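*Asks:*
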Amino acid sequence: MKHPTISLISLLAFGSGLAGCMPDEALEPPAQVQLACAFAQGQPTMVLLLDTGLETAQWLNLQEPRRGTLRVSAHQYQLEFPAVGRTPVVRARIDRYEATITRTVGVGKTAVSQAGRCAKQKTGPRL
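According to mature numbering (1 follows the signal peptide of the UniProt record, and there is no 0), the residues represented by the sequence shown are -19 to -1, 1 to 108, in order.
1) I need the boundaries of the beta strand (DSSP E) containing residue 94, first residue and last residue.
2) Mind checking who residue 59 pairs with in its DSSP beta bridge?
3) Mind reading off the beta-carbon distance from residue 105 to residue 18? Whole number of angstroms is fine, and I expect it under 8 Å.
4) Would you check if the distance between the CB atom of residue 42 and the CB atom of residue 68 is smaller than 8 Å?
5) Skipping 5 residues on each side, what residues in its chain have a beta carbon closer than 8 Å to that of residue 46?
6) State the Cα-Cα distance for the pair residue -4 and residue 55, rounded to the nearest angstrom.
7) Kindly indicate which residue of 44, 58, 20 has the alpha-carbon position closest to the one of residue 13.
8) Around the Cβ of residue 48, are there at least 16 other Cβ atoms within 10 angstroms (buried) or fewer (exposed)?
Have a look at this one:
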């Protein structure tokens, strides 16, 4: 008769060996993170809802919120909001540790980049 504790110990040892082969971000549970990113004075704040499980980004504080894609790495979030009609593509890179953002609106010679800072907010509407 096999002892269940031996099988359980073997399974745990095997599982922990596999965990050492995975990147750290693969072990983090999916989460929703809401950020408010401020740029130069007079520029509107950019409120973002990032879903690391679905790999989506929403730009919430626009008349018509935009949806985009999200790539998560150990040190940064990379967002892309596709062009819609006359509204150009917007790409952003957020440093997860320094809480800085670089946002680029448009592509090529006409692209405009802005730098700012982000702060984590409680997820969901305030009112």
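For glycine and all other residues, C-beta sits at the position ideal for the given N, C-alpha and C.
Since the structure is predicted, the reported quantities are computational estimates derived from the model, not experimental observations.
*Replies:* Let me lay it out:
1) 93 to 102
2) 52, 74
3) Between the beta-carbon of residue 105 and that of residue 18 there is about 18 Å, and that puts the pair past the 8 Å contact cut.
4) no
5) 39, 40
6) For residue -4, the predicted structure reports a pLDDT of 47, less than 50, and the residue's modelled location is therefore unreliable. A value from the coordinates is still provided. Each residue's Cα considered, the two are about 20 Å apart.
7) Of the candidates 44, 58, 20, the one whose C-alpha sits nearest the C-alpha of residue 13 is 58.
8) exposed
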